[in-house]
DNA sequence: TCAGGTCGCGAACAATTACTCATCAACCCG
DNA sequence: CGGGTTGATGAGTAATTGTTCGCGACCTGA
C-alpha cells in the first residue's frame, strides 16, 4: 500500500470522519451529509466504507457469564494461565471476527505493561485479523519479534505476515526474521541460523516473555499447504505420521508431541515452548482447527488460549 | 437455533451478546431476535441497552481520529460552530501547508451552497495560501467582499490581498475595499467611510453570512509590522497596552477584548463580529500565533476555527 | 384487598438506512 | 479516436431500526 502525502485533501479521511460522526457522535447520516456538505447517499457510502476498511473497531466491555464459565473450565482442564472466550456469532459462522477483537484487547493489555517485555508473534490469518483490530499506541519500551521467517518461497513477504503490521501500529522496535519460513534443507536452515543477526533474533524469540501464535490444522485444508509452504505429498506423508496440528510451522501429533518429520528439520523459526514466567498464547477457533487445538492443549504446548464460545464448548466436550 | 447454556444469563449478558451480534457479526435485529429466541423489539432494546450501558465500545482507527477528537473538544470548550483540525506535519514544521487545503475545502463547501451568500475575507499569509489551494468554480450567486482596505501605504496592492485572487478563482461578483488598510488618522478614515461606494461595501462586509479571517500575533514578529502597516514604536506601545493579537487590523488583548488604541481608531476595515446566523471563521496555526489565537477564542471573537493538530492540542492544554 | 406505580411487552407507525439501478465522467488501451 | 471498463453519483425504493402507545403482569403500601 502506498501512503499518500499527509496534506492530501482526504482520500478515506472523509470515510473516517463520517464513521466518527456516525458511531461516536451518534449523528444520523442525514446530519453527516449536511456536516460534510454532501449528499445523504454519499454519507451512507462513507459510513459503510469506514466499516469495510476496518476503520471502525468495536469492543465488548462485558464478560458474558456463559463465556466466563467456559474460560474457568478451560483454564482448569488444560492448565492454562490465560483463557479468553469470545461470544460466538452463530454456528457455522467464521469465528474470527469475534476472536480478533478479543485477542487484540489482550495483546494491548500486555503492551500496556510499563516494564519492558519481549513479545513474539507467529503468523497466520488469525493473528493478522487480530492485529487489524488493534489500536495505535506508543510502546517504545517493548520489543516485538517474529517467530518465523517472513520470506515465502517466491521471495515475497507473506501477506499474512504480522510483525510489520503490528510494529507499525505500536511503534516499537521490531525484529523480523530475515529468512524463509521453511528452508529447502536442514543445511540451509543451519546456514541461516549461523548468521550473527539471525542468531540474536532467534535468541530474542526463544526467550520472549509472551508469545502469541495461531494454530494450523493438518487436515487436507492445512494452511501450510494453502500458502504453498509444503506440497500435497508432504502433507499426506505427515498425516500418515499422525500430524494433528502445527504451530509456527512445527508439526505435532494428536498428543501434542512434536513429530520428527523432515519438515520439522527444515522449519526456520523457533519452536514455541512454555516456561516459568513465559506465556505462549494460542489464538484460534473454528471447527477445522478443533483437532489441532485439542492436541496442542493436551500436550501443553501453550499456556494461554483465546478462542470463541462454540470452539471452547467443543474443546470441553 | 443455538441451545442456551444451562446457567441463566443475566440481563446485561443478553444486552452484551445482542450488541456483539449486532456490531461485530453484523446481524440484523431480526436475526438477533431469532438467535436469542425473543422478539425483534426486545432485540432492539437489548442492543440500545448495550450502548447506553457502555458495554459496546466503538473506536475509530485512523490517523485523523485524533483530529476529530480535538475538533469536538475545541467546539465544546470555545463554543465554536465549526472546528476543523488538519493533521500536523510535525513539530517545528510550518503548519500552513496542512491548514490551507483543509480551509480551502471548507470555503468551497460554503461556496457550493445554492442560496446566495455574502462571504467576507480578511488578508494575510494564511488566507493567501488557502486561496491558492482552492479549485475553480462558478459561483455567480454569491458575493465576495473584502474586510479590509487593500491599498498599502505606498499605494500598491498588497501581495497578501486575497479578494481578487479568490474572485478570479470562483468567478463571483466581488467587492474590494478601495482604501488603505490603516488610515493616516481617524479623520482620514471617516473621510473614506463617508464615500457612497465604500459605505455599501462596508455594509456588505459587516452583514456577511460567513467571514474568513487570519489572525495576527502582536509579538515582535507581528505581521502588521513586517508588512509595514505599523512602526516598531507603535507595536511596542500596543504591546505595553497588553495587545495579544489582531484580526483584520483590529487589535485585542489577552482576554479577547478590543483595545482602545490609536491604531484601532484608524483601521479602515470592519471589525469582525459574530452574530446569530453569521459565522466568523479564523484560519490560523503555528506556535507564534498561539497567544493571539487563545485570546481570540477566549473573547469569542469568532465562532469557527480551522487550525492544525499541534496548535489545537496546545490551545486545549 | 385494592389503588397506584413500574416495568416489559408487542403493535403500529415514523424515521433512518441500505440497496438497486441508470447515468455519467474519467480512464485505459489498443 | 472510439470502445470498454471502472467508479462515483442521485433517484427511487425496500429493508431495517427507533419510538410511541396501550396493555397487562407484578409489586407495594395502606
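Chains as they are written, first to last, in the working numbering: chain A, 1391 to 1707; chain B, 1391 to 1707. Yeah, the Cβ is synthetic: ideal placement off N, Cα and C, and Gly gets one too.
1. Which chain A residues sit within Cβ distance under 9 Å of residue 1406 of chain B?
2. Whose C-alpha, out of B:1588, B:1594, B:1683, is nearest the C-alpha of residue 1633 of chain B?
3. Measuring CA to CA, which of A:1462, A:1635, A:1402 is closest to residue 1437 of chain A?
4. Given a cut-off of 7 Å, decide if residue 1472 of chain B and residue 1512 of chain B are closer than it, judged by their beta-carbon atoms.
5. With a 10 Å radius around its C-beta and 16 neighbouring C-beta atoms as the bar for buried, classify residue 1560 of chain B as buried or exposed.
6. Just checking, does the region 1426–1435 of chain B make contact with the region 1454–1465 of chain B on the three C-beta pairs under 8 Å criterion?
7. Chain B partners of residue 1446 of chain A, CB-CB under 7 Å?
8. With three or more beta-carbon pairs closer than 8 Å as the criterion, would you say the region 1661–1668 of chain A touches the region 1568–1579 of chain A?
9. Please confirm whether residue 1698 of chain B has its beta-carbon closer than 7 Å to some beta-carbon of chain A.
10. Across the region 1494–1514 of chain A and the region 1523–1534 of chain A, are there enough close Cβ pairs to call them in contact, namely three or more that are closer than 8 Å?
11. Going along chain A in order, which residues have a C-beta closer than 7 Å to the C-beta of residue 1402 of chain B?
12. Run the proximity test for residue 1485 of chain A: is its beta-carbon closer than 6 Å to any non-hydrogen atom belonging to the ligand NAD?
13. Assign residue 1588 of chain B to one of three DSSP states: helix, strand, or coil.
14. Fully enclosed by the region 1602–1648 of chain A, which beta strand (DSSP E) runs are 3 residues long or longer?
15. Can you confirm whether the region 1624–1642 of chain B touches the region 1480–1500 of chain B when touching is taken to mean that 3 or more C-beta pairs between the two stretches lie within less than 8 Å?
16. Out of A:1649, A:1486, A:1565, A:1475, state which residue places its alpha-carbon closest to the alpha-carbon of residue 1462 of chain A.
17. Nearest by alpha-carbon distance to residue 1700 of chain B: which of B:1450, B:1605, B:1675 is it?
18. Could you tell me whether the Cβ atoms of residue 1698 of chain B and residue 1485 of chain B are closer together than 7 Å?
19. Can you list, in chain order, the stretches of the alpha helix (DSSP H) that have 4 or more residues and sit fully within the region 1636–1706 of chain A?
20. With a 10 Å radius around its C-beta and 16 neighbouring C-beta atoms as the bar for buried, classify residue 1585 of chain B as buried or exposed.
21. Please work out which residues of its chain come closer than 7 Å, Cβ to Cβ, to residue 1408 of chain B, disregarding the five sequence neighbours upstream and downstream, and give them in chain order.
22. Using 7 Å as the limit for Cβ to Cβ distance, is residue 1652 of chain A near chain B?
23. So for residue 1414 of chain A, helix, strand or coil by DSSP?
24. If we ignore side chains and look at the alpha-carbon of each, how far apart do residue 1515 of chain A and residue 1671 of chain A end up?
25. With residue 1583 of chain A as the anchor, note down where its alpha helix (DSSP H) starts and where it stops.
26. Using a C-beta to C-beta distance shorter than 8 Å, which residues of chain A count as neighbours of residue 1415 of chain B?
27. Could you please give the first and the last residue of the uninterrupted beta strand (DSSP E) stretch that includes residue 1446 of chain B?
28. Within 10 angstroms of its Cβ, does residue 1607 of chain A collect 16 or more other Cβ (buried), or is it exposed?
29. For a cutoff of 7 Å on Cβ pairs, would you count residue 1410 of chain B as touching chain A?
30. Give, in chain order, every residue of the region 1499–1528 of chain A whose Cβ lies closer than 9 Å to some Cβ of chain B.
31. Assuming residue 1626 of chain A and residue 1572 of chain A make a contact with CB atoms under 8 Å, what is their CB distance in whole Å?
Reading it off the structure:
1. 1450, 1451, 1452, 1453, 1454, 1477
2. B:1683
3. A:1402
4. no
5. buried
6. no
7. 1448, 1450
8. no
9. no
10. yes
11. 1452
12. The model on display carries no ligand, and the ligand NAD is accordingly not part of it.
13. helix
14. 1633–1637, 1640–1643
15. no
16. A:1475
17. B:1675
18. yes
19. 1680–1688, 1699–1706
20. exposed
21. 1422, 1426, 1433, 1436, 1437, 1440
22. no
23. helix
24. 15 Å
25. 1576–1583
26. 1479, 1480, 1483, 1487, 1488
27. 1446–1450
28. buried
29. yes
30. 1522, 1523, 1524, 1525, 1526
31. So it is not a contact: roughly 17 Å between Cβ atoms.
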